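Report on one structure; see the data block that follows.
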């Protein structure tokens with residue numbers, strides 16, 4: 726699948742949003758869980774919404790406010806490349822399948838998402854299929 730320039734930019738922005746969590750006073754996993762179920766994510770999933778034109782700072786602040794996320798003086802830290810890839814690949818997944826962030830999160834929570842960086846060297850479509858297969862296996866256990 727070939728994404729257009731706007732879609733690729735949205736993938737990159739979501740990757741940068743997730744990557745920025747390594748520098749913020751919020752637990753990245755708590756933020757990812759909130760984001761995937763947020764009004765910001767729903768706006769990014771829609772055909773046209775102001776969140777698609779918002780910067781990552783605005784989206785971050787909106788999610789923090791919507792879910793009343795509190796700063797943590799010593800939040801756990803995660804691999805920044807894994808964070809970026811998690812944001813990027815979930816937005817790409819949306820464009821590939823039409824699934825919303827909520828639907829994607831139901832299959833791939835923050836724990837699985839942060840373990841999937843190993844798929845970054847695969848074609849995005851194949852990586853998404855592999856992640857979905859792992860999610861199905863986890864559901865069957």
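Numbering (my numbering), first residue to last: 726 to 866.
Even for Gly, the Cβ is constructed at its ideal location relative to N, Cα and C.
Quick caveat, the model's predicted, so the values are computed rather than measured.
Residue i, DSSP secondary structure in three states
i	result
residue 824	coil
residue 746	helix
residue 835	helix
residue 769	helix
residue 848	coil
residue 775	helix
residue 762	coil
residue 810	helix
residue 787	helix
Proximal residues to residue i (C-beta, below 6 Å), its chain only, five neighbours per side dropped
i	result
residue 768	774 and 776
residue 816	735, 736 and 739
residue 833	856 and 860
Beta-carbon proximity list for residue i, same chain, < 8 Å, skipping 5 on both sides
i	result
residue 825	766, 767, 770 and 819
residue 801	752, 753 and 754
residue 728	736, 817 and 820
residue 750	796, 797, 798 and 800
residue 852	814, 841, 844 and 845
Residue from the options with nearest C-alpha to residue i
i	options	result
residue 822	807, 839 and 849	849
residue 868	759, 831 and 730	In the structure as shown, the chain starts at 726 and stops at 866, and residue 868 therefore has no counterpart that could be examined.
residue 746	803, 792, 828 and 829	803
residue 793	779, 807, 838 and 763	763
Distance, residue j Cα to residue i Cα
i	j	result
residue 733	residue 813	9 Å
residue 726	residue 847	14 Å
residue 842	residue 782	24 Å
residue 811	residue 756	12 Å
residue 827	residue 835	12 Å
Exposure of residue i, with buried meaning 16 or more beta-carbon neighbours within 10 Å
i	result
residue 731	exposed
residue 744	buried
residue 809	buried
Cβ neighbours of residue i in the same chain (closer than 7 Å, five flanking residues each side left out)
i	result
residue 742	781, 784, 785 and 812
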